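Sequential numbering of the sequence shown, starting at 442, is according to the numbering used here.
Even for Gly, the Cβ is constructed at its ideal location relative to N, Cα and C.
Remember, it's a predicted structure, so these values are computed and weren't measured experimentally.
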Amino acid sequence: MGYIHVSNIDQKNLMVTQANQVALASYSLTLEEKRLILFMTSLIKQTDKDFKVYRIPVTEIMEFLDIKGKDFYSRLREISKTLRSRPLSIEKPNGGWIETGWISCAEYIPKGEDGLESSCLDLSFDPKMKPFLLQLKSQFFSYMLENVANLKSIYSIRFYEIFASYRRLGCVTFEVDELKKRLYIANKYTKYDNFRKRILNQAQKELKQKTDIYFEYIEERQGRRVFKLHFTIFNQENPAKEEINKKTQSQQGNINQTQLKITQSHTLTSPNQQKAEQALTLNGVDQAGIERLINLYDHQQIIENSNIVLEKYKNGKIKNLASATVKAISEDWRPKLSPYEKKQEDKKQALIEVRKKQEEDKKIIEKLKNEFNENKETKINNVYKEKTDEEKNVLIKEFENSISNNDYIRKNYEKNGFNDYGVKILFRLFLSENLLKPKNNDFVEWVKVNKGLNVVKNKHNNEYTIN
442 MGYIHVSNID
452 QKNLMVTQAN
462 QVALASYSLT
472 LEEKRLILFM
482 TSLIKQTDKD
492 FKVYRIPVTE
502 IMEFLDIKGK
512 DFYSRLREIS
522 KTLRSRPLSI
532 EKPNGGWIET
542 GWISCAEYIP
552 KGEDGLESSC
562 LDLSFDPKMK
572 PFLLQLKSQF
582 FSYMLENVAN
592 LKSIYSIRFY
602 EIFASYRRLG
612 CVTFEVDELK
622 KRLYIANKYT
632 KYDNFRKRIL
642 NQAQKELKQK
652 TDIYFEYIEE
662 RQGRRVFKLH
672 FTIFNQENPA
682 KEEINKKTQS
692 QQGNINQTQL
702 KITQSHTLTS
712 PNQQKAEQAL
722 TLNGVDQAGI
732 ERLINLYDHQ
742 QIIENSNIVL
752 EKYKNGKIKN
762 LASATVKAIS
772 EDWRPKLSPY
782 EKKQEDKKQA
792 LIEVRKKQEE
802 DKKIIEKLKN
812 EFNENKETKI
822 NNVYKEKTDE
832 EKNVLIKEFE
842 NSISNNDYIR
852 KNYEKNGFND
862 YGVKILFRLF
872 LSENLLKPKN
882 NDFVEWVKVN
892 KGLNVVKNKH
902 NNEYTIN
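Listed below in structure tokens is the structure:
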């Protein structure tokens, strides 16, 4: 096992990569312990085949753990000691399980020993953690460490990691007891209302304020008891977001074909299919049911019926959310329109599509106009530069004659010359008409030749549309 001496760490560039099972594992850590584990995890390189012993300056640890005061060294020893004994329960996909610890060793090295210029802490992961932190090819997630560095609750970090592992799907459902077990608080907050206020809502608030992920949730009741929570996961703008995507894509370059197909099924599906999958998951439909419904029914039909059932469930009209969702989709509970209503709805949709196209055309036309004008300006400048001084003076004289009958422009020209904005604009128009060929001044012709589009000018309002 090799040593890695860590120093001058740029914490903004540290990335955490873990197997999904770690996010869903059952364990209890304090905020400081969790931060130290994440700090260690971020030091692992994608190419590492074995764990290293990380020799980290104590000053770096103090800064990252945000620990101050004279008792820091005793606290650091206590954190290291408890980490050695903290149990971690990981469920394996094949039905097996692992009970292990986080670290195998923590050793304090004082300043001067081994030629050290400052005191350091040697840390190494437990070997049993290798399948979950090293050489990950599939079923893993990554995020920038700075996304959770400022979170003040261990449960906020736990929720962040759980939702980061489900980020691609966009939703996940947990039974309340199962979720509490994963958070290692199965015997705490026995009243759901306390769990909701002190754990769930606090994490929701902190993630929304400080990270690139936030979530909403819906409670599902069994009688009077809330027994299941349906979470929807949202991404939000964050300075680290671009770096996350870039580095994660690089790390996932060697995903095996099975995982690649799973990834493609989520990234290449239509927006409506993704919404349909999220709606079904939110309503508690299992994966097999989701796949069957997605293949059998129109995605819009799935979305609308899922929403109808969800509203009925919220109003207490439905008890079993998942089965009612499947029934609604197969029977299509959406309100039926009369022939006249359908005709009106079709007209409305057609009008919406027309207006949508007009807005899109308007944006395209605006971009084309800007490009056309820039192109024209370049041509004018190039042609004008090639003129001799005598030819330029002739052009200026002709321009002066063209504005001689406009008292306002003429007076501004006599006073300010070409520094006057209005005069400058008129002179550019004059040069355009006199120096360029007609086709270079014709926007419609320019678009047709250079962009292959047919643009038509409306004679009534002078606006352009694309045919």
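For residue i, which residues from the same chain have a beta carbon less than 6 angstroms from its beta carbon, with the 5 sequence-adjacent residues on both sides left out?
i      : result
Ala910 : Residue 910 lies beyond the residue range present for the chain, which begins at 442 and ends at 908; the question has no answer from this structure.
Trp774 : Asn746, Ile749
Phe391 : The chain is shown only over 442 to 908; residue 391 falls outside these bounds and no answer can be derived.
Gln693 : In this prediction, Gln693 has a pLDDT of 48, which is less than 50 and means its spatial position is unreliable; what the coordinates show is noted afterwards. None.
Val589 : Ile598, Tyr601
Glu886 : Lys880
Closer than 7 angstroms by C-beta to residue i: which residues in its own chain qualify, once you throw out the five before and the five after it? Chain order, please.
i      : result
Val795 : none
Ile595 : Leu470, Thr471, Leu472, Lys475
Thr673 : Gly611, Cys612, Phe656, Glu657, Gln719, Leu723
Asp830 : none
Lys865 : Phe859
In its own chain, which residues sit with a C-beta less than 8 angstroms from the C-beta of residue i, not counting the 5 before and 5 after it?
i      : result
Lys892 : Leu809
Lys889 : Asn895, Val896
Leu551 : The displayed chain sequence assigns Pro, not Leu, to residue 551. Cβ within range, chain order: Leu557, Ser560.
Lys571 : Asp491, Phe492
Leu778 : Glu786
Gln742 : Ile770, Asp773, Arg775
Gln700 : For Gln700, the predicted model reports a pLDDT of 38, less than 50, meaning its position is unreliable and no value from the coordinates is stated.
Need the endpoints of the beta strand (DSSP E) that residue i sits in, please.
i      : result
Tyr862 : Element bounds for Tyr862: not the beta strand (DSSP E) but the alpha helix (DSSP H), 862-876.
Phe615 : 612-616
Val726 : Where Val726 is concerned, there is no enclosing beta strand (DSSP E), given that its DSSP letter is neither H nor E.
Tyr596 : Element bounds for Tyr596: not the beta strand (DSSP E) but the alpha helix (DSSP H), 595-606.
Hey, residue i and residue j are a contact pair by Cβ (cut 8 angstroms); roughly how many whole angstroms apart?
i      : j      : result
Asn724 : Leu762 : 5 angstroms
Leu872 : Tyr825 : 6 angstroms
Ala720 : Ile744 : 5 angstroms
Lys485 : Leu575 : At residue 485 the sequence reads Ile, which differs from the Lys that was named. Sure, about 7 angstroms apart at Cβ, within 8 angstroms.
Trp543 : Phe573 : In fact, because the Cβ distance is near 11 angstroms, the residues do not count as touching under 8 angstroms.
Leu517 : Leu562 : 7 angstroms
Residue i lies in the alpha helix (DSSP H); which residues open and close that run?
i      : result
His740 : 740-755
Ser764 : 762-772
Ala791 : 780-827
Lys856 : 848-857
Glu832 : 830-843
Glu647 : 642-651
Lys898 : Where Lys898 is concerned, there is no enclosing alpha helix (DSSP H), although the beta strand (DSSP E) it sits in stretches over 896-898.
Tyr633 : 633-636
Return the bridge partner residues of residue i from the DSSP annotation.
i      : result
Phe456 : Residue identity check: residue 456 is Met in the sequence provided, not Phe. Paired residue(s): Met585.
Gln663 : Arg666
Tyr468 : Leu529
Arg496 : His446, Asp563
Thr673 : Cys612, Glu657
Val888 : Looking at the DSSP assignment, Val888 forms no beta bridge with any residue, so it has no partner.
Glu548 : Asp563
Trp538 : Glu532
Tyr625 : DSSP, once it has assigned bridges, lists no residue as partnering Tyr625.
Thr523 : Answer by DSSP bridge pairing: none, since Thr523 is not bridged.
* Would you check if there are 3 or more beta carbon pairs closer than 8 angstroms linking the stretch 828-842 to the stretch 895-906? => no
* Contact between the stretch 575-590 and the stretch 629-638 (3+ Cβ pairs under 8 angstroms) -> no
* Asked: Does the pairing of the stretch 498-510 with the stretch 611-621 give three or more beta-carbon distances under 8 angstroms?
  -> no
* Would you check if the stretch 461-470 and the stretch 525-535 touch, i.e. whether three or more CB-CB distances between them fall below 8 angstroms? => yes
* Report yes or no: do the stretch 595-608 and the stretch 638-655 share at least 3 C-beta pairs separated by less than 8 angstroms? => yes
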